[in-house]
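Residue numbers (our numbering): 659 to 1652.
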């Protein structure tokens, strides 16, 4: 860790034109950026970050006010205010000016409202920071809150709320708030909807715009705001912008809103909340009221407790519950509530048997807590946590600019100036008394229990329905059997014990710099293995990322094989958990994923003990003994995941079914679920050795690793399995794309499986051509860049079709295209007509661009394509994407950026006429309509010409119903794309191993 020390390390008094400055900020050793903390004359605190290497600039502003400050009769006002700040200011009155400016310069923006904060952020291509920043600053000086925008944006908030109506996370979260202390504002409904923002205020004679202005005027005060600016400019330049643009933000000198008491008082404790979910979920949660632990951040006592209670190794709560067949996963830790209150939560994902035995699970948690209390606070455990935290912070890499500025702006409210970067990570002081204090809150008389399950045994009373989401629940006192079990938890099960010291903590942090070429290269290529390698020459951290694609055609040959492979993978992860958890805590993790080629094994983190973890994983892969009890619970979990797919959002179904129609082979969740009941442990035991017997291994090692070590890693994998070689044609096989027939508008109609979901959705996909056609790819990319902001502005902001509006590319092996996705209460046929109308109007948008405007889009797109990777993981993922595609086109972004700059306006208009225009006779178009069973009638009857267009959608299209035979026939009628072929001979990537 380093600290910036100079003459300005001590704050100085702010005066006219002289902001107070503080520079002694602790930062990671890896961080080469310069920092300066200012307090402007209006008391706005600003953190300046100069990063000479960044290609994106960013700013974020966090206002220390959230929905806890909503007026009692206008729920969602803080969130509504957040929406409206984007809709024009006195200086920049055009409502989409801000987003259009960002779009033209390769940027984007967002915001969120929480219980006590509202956070706004953006990023933009370097060189255009000043213009974006000036527009951003006006949000907090002179927003318009125009009447027309206010009316329309209510619909966007309402659509956002309705998007969440069938989300179990939102339903449970709001219900727990609803049932908290009625005298505490935590109980409020923070999202808002038409009822709270329009109907109730209207009934009470309230002027919502006037209330908005009053809210903004009251709370949007410079002294409770924190601003972060990140750019490649010097600190002095950034400071001059901050002073010039943000000094006009008014300082009303208000206090940060805070609230006395706690949302969970004695009246809310000792209760169990039984909830019926939308999906098939089984979840147990114990919530303990805690004081505001933020005030103890120097020692972070709750992290000590979270480390022990949430541990997953031998002797842990989870280990015992899994042995009993009651649990799948467990987590524990602080959930920050607000100023003056927090919650400590223990959350457990249950099996079916776990739901039946939940009253026995709760005492086990308290047995463990009693054991921790009786054994006393262990300094070695704290020091280990402290060591791991310091290691994580020391080697912390850069993240995308807007996510970084947004996070740090929020931190500035919470930590002392020197700790605004390190505070969330480091554990400074060992304070056993504070750990003991936190431990004292984890008592059997100081928690509320939440049980989420589709079924609840022994419930005689009717389930109530919650107000905002209609969540079904019962709230009752703890049953006698649970009360009795909690009386004496001092004796603990002998299978519970503290974790042992972590042997995976790395010891060697040496980083070897590159000698010579550092391009991705093949260091071994034969009929068993193709191994790619790239030594990190940029980030210089003691970490590495390694991928192995274990290609086995047997794994995806049928729905049965696919399901067997999935169960095997989940059983493996389950069996490895106690061992691998120590590695994960020490910053070295692994993942096992199934795909259409077989399995992917990924290792990521500190490279020091990577080989040790890999050896253990592949040994278990080869020698897994399928346990009858774990098989039962894993199969149950897999079945649940397949069933729960039906409850996903409508837009997810639209996306999935476009993939299903256009991908050569994709087994459905229903097909896989149908195979589950017949699968036995013996089937798995027989299947996986056969799957691993014939395969090809393609790997990538990237990071602080030598090529000789990379070869040893792949040798560990090969030695474990001794696979037989696949035939050359199978090694080269890739999943291909179905090519749509030109000139036909295909519409696939489906129904939203969740009968209670009000939303419908559409994916409108235009297939353009071969993905390897660089000229065409450049035209498609540029078209998508130009269309993006107008699509959002027209379809979401102006027409208010729904909160979820997306436009962009769809890529697959051998094909590419443009798509628009909308989730809405409007029926999909209507949405299709609006997309048609929008697309038809885009020709004029493109034609009307001045040469300067057209060039702006080209420059912004090229800059985005050439954007540098922010960290090792990001570069590794980019490299693996090219390896796994089998195109191996590592420099595609460079070629694409060059091609984009050469596209002319006339070329793009010709591209539009041929591929995009709804009137084109050569266009390849497919839309998937997913219609709600509760699709409401339009609030305003459609005009006859609009109605005619809606009715014509299905009359003029090639319609394919939700029928497996019709779908199969359609796919059979289409040709297939070319398979992926390397863009140059593989021999050109070969280098000799050292």
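Ideal placement from N, C-alpha and C gives every residue a C-beta, glycine not left out.
message: Is the beta carbon of residue 1012 closer than 8 Å to that of residue 985?
response: It is a contact, given that the beta carbons lie within the stated cut-off.
- request: In the DSSP assignment, find the unbroken beta strand (DSSP E) run with residue 806 in it and report its ends.
  value: Residue range 805-821 is occupied by the alpha helix (DSSP H) that includes residue 806, with no beta strand (DSSP E) assigned at that position.
query: So what's residue 1259 in DSSP terms, helix, strand or just coil?
result: Here residue 1259 sits in strand by DSSP.
query: What residue does the beta strand (DSSP E) around residue 883 start on, and which one ends it?
result: Bounds of the beta strand (DSSP E) holding residue 883 are 883-889.
field: Buried versus exposed, by CB contacts within 10 Å (16 or more), residue 1546
entry: Residue 1546 should be labelled buried.
Whether residue 734 touches residue 722 by CB criterion (8 Å): Contact annotation: residue 734 and residue 722 have beta-carbon atoms that are not nearer than 8 Å.
Opening and closing residue of the beta strand (DSSP E) in which residue 1474 lies: Under the DSSP assignment, residue 1474 falls in the beta strand (DSSP E) whose first and last residues are 1473-1482.
- request: Determine, using beta carbons only, whether residue 1473 and residue 1429 come nearer to each other than 8 Å.
  value: Yes.
Rounded distance between the beta-carbons of residue 1081 and residue 955, thought under 8 Å: A Cβ-Cβ distance of about 5 Å is found for the pair residue 955 and residue 1081, placing them in contact under the 8 Å criterion.
message: Please classify residue 1193 as buried or exposed, where buried requires at least 16 neighbouring CB atoms within 10 angstroms.
response: It is buried - the Cβ of residue 1193 has at least 16 other Cβ atoms within 10 Å.
task: May I ask which residues mark the beginning and end of the alpha helix (DSSP H) holding residue 1602?
output: Segment 1602-1614, the alpha helix (DSSP H) holding residue 1602.
query: Considering only C-alpha positions, which residue in the set 878, 1051, 1255 is nearest to residue 1388?
result: Nearest C-alpha to residue 1388: 1255.
- request: Below 8 Å on the Cβ atoms is my guess for residue 1460 versus residue 1480; work out the distance and round it to an integer in Å.
  value: Correct: roughly 5 Å between the Cβ atoms.
query: Under the three-state reduction of DSSP, which class applies to residue 1274: helix, strand or coil?
result: Three-state result, residue 1274: helix.
field: Through-space distance from residue 1056 to residue 1624, alpha-carbon basis
entry: Each residue's alpha carbon lies about 50 Å from the other.
message: Using DSSP's beta-bridge definition, name the partner residues of residue 1001.
response: Looking at the DSSP assignment, residue 1001 forms a beta bridge with 947, 993.
- prompt: By Cβ distance below 8 Å, which residues in the same chain neighbour residue 1151 in space, the five residues on each side in sequence not counted?
  reply: Here the set comprises 978, 1022, 1025.
- prompt: Going by DSSP, what residues sit across from residue 1183 in a beta bridge?
  reply: As computed with DSSP, residue 1183 is found in a beta bridge with 1188.
task: State yes or no: is the C-beta of residue 867 within less than 8 Å of the C-beta of residue 797?
output: Against a cut-off of 8 Å, the Cβ pair of residue 797 and residue 867 comes out as no contact.
Cβ shell of residue 1223 (< 6 Å), same chain only, five flanking positions each side left out: Result list for residue 1223: 1213, 1252, in chain order.
- prompt: What does a CB cutoff of less than 7 Å around residue 1221 pick up in its chain, not counting 5 residues either side in sequence?
  reply: Cβ within range, chain order: 1330, 1333, 1334, 1337.
- request: Just confirm the distance between the C-beta atoms of residue 834 and residue 741, as a whole number of angstroms; I'd bet it's less than 8 Å.
  value: With a Cβ gap of about 25 Å, residue 834 and residue 741 do not count as contacting.
query: Any chance the region 1527-1541 sits against the region 1195-1205, with 3 or more Cβ pairs inside 8 Å?
result: Taking 8 Å as the limit for Cβ pairs, the verdict is that the region 1195-1205 does touch the region 1527-1541.
query: What is the rounded straight-line gap between the Cα of residue 1124 and the Cα of residue 854?
result: The C-alpha of residue 1124 lies about 16 Å from the C-alpha of residue 854.
query: In three-state DSSP terms, what is residue 925?
result: Of the three classes helix, strand and coil, the one that applies to residue 925 here is coil, per DSSP.
message: Just to confirm my understanding: we take residue 1419, look at its own chain, exclude 5 residues before and 5 after, and list those with CB closer than 6 Å. What are they?
response: Excluding sequence neighbours, residue 1419 sits near 1308, 1309, 1312, 1481, 1588.
task: Evaluate residue 898 with the Cβ neighbour count: other Cβ atoms within 10 Å of its Cβ, from every protein chain shown; 16 or more gives buried, anything less gives exposed.
output: Exposed, because fewer than 16 other Cβ atoms sit within 10 Å of the Cβ of residue 898.
- prompt: Terminal residues of the continuous beta strand (DSSP E) containing residue 1463?
  reply: Where residue 1463 is concerned, the enclosing beta strand (DSSP E) stretches over 1462-1470.
query: Per DSSP, what kind of secondary structure is residue 768 in: helix, strand or coil?
result: Taken through DSSP and simplified to helix, strand or coil, residue 768 comes out as strand.
- request: Establish whether the CB of residue 1140 and some CB of chain C are separated by less than 8 Å.
  value: Although the question refers to chain C, the structure presented lacks it and comprises just one protein chain.
- prompt: Looking at the unbroken alpha helix (DSSP H) that takes in residue 1311, where does it start and where does it end?
  reply: DSSP places residue 1311 inside the alpha helix (DSSP H), whose first and last residues are 1308-1320.
message: Mapping the DSSP letters down to three states, classify residue 1632 as helix, strand or coil.
response: If DSSP states are grouped into helix, strand and coil, residue 1632 belongs with coil.
message: Taking 8 Å as the cut-off, does the region 698-706 touch the region 901-921 (at least 3 CB pairs, one atom from each stretch)?
response: Below 8 Å, enough C-beta pairs join the region 901-921 and the region 698-706 to call them touching: three or more.
- prompt: According to DSSP, is residue 1124 helix, strand or coil?
  reply: Under the three-state reduction of DSSP, residue 1124 is assigned to coil, being neither helix nor strand.
message: Please report the straight-line C-alpha distance between residue 1433 and residue 1544, rounded to a whole angstrom.
response: Whole-angstrom Cα-Cα distance: 20 Å.
task: Return helix, strand or coil for residue 1582, following the three-state DSSP convention.
output: Note: residue 1582 maps to strand in three-state DSSP.
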